[in-house]
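Heads up: the structure comes next, in structure tokens.
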Amino acid sequence: MRFQGKKALVTGAAGGIGKSLVRKLRAEGASVAITDITIGNVEAEAHFSGDLSAAQFCDELPSKATDALGGLDILINNAGIIRRGKITEATDE
64 MRFQGKKALV TGAAGGIGKS LVRKLRAEGA SVAITDITIG NVEAEAHFSG DLSAAQFCDE
124 LPSKATDALG GLDILINNAG IIRRGKITEA TDE
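Residue numbers (the numbering used here): 64 to 156.
This is the structure in structure tokens:
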């Protein structure tokens with residue numbers, strides 16, 4: 064079990080690639096905290112429903128995940144949708 068005892072936070076975890084990553088990490092022994100706007104039916108040790116475009120949610124998420132899991136070893140930043148323009152032109156708004 065490659066990730067035995069590791070603690071991971073996966074963003075954008077409710078579907079597609081994120082959901083598959085969560086399943087694989089847990090199958091390999093990791094404890095996983097997940098976040099997405101809508102969590103759905105993803106099995107994980109901790110769930111945080113929220114919008115990563117909200118600065119306060121982003122600021123609070125690492126400590127919430129750390130508290131829930133007892134630490135944090137891995138971050139998989141999978142969330143994101145680009146709807147307009149180039150990433151280099153994106154702002155916090």
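Think of the CB as a built atom: it goes at the ideal place given N, C-alpha and C, for glycine as much as any other residue.
Under the DSSP assignment, S116 falls outside any beta strand (DSSP E); it carries neither an H nor an E label.
The continuous alpha helix (DSSP H) containing L84 extends over residues G79 to A90.
Contact annotation: A77 and A128 have beta-carbon atoms that are not nearer than 8 Å. In the DSSP assignment, V95 forms a beta bridge with A71. Taken through DSSP and simplified to helix, strand or coil, F66 comes out as coil. Spatial neighbours of D136 in its own chain (CB-CB distance under 6 Å, excluding positions within 5 residues in sequence) are listed in chain order as K69 and K70.
Apart from the 5 residues on each side of it in sequence, R65 sits with its Cβ closer than 8 Å to the Cβ of E91 and G92 in its chain, given in chain order.
Nearest neighbour of R86 by Cα position, chosen from L124, E106 and L72, turns out to be E106.
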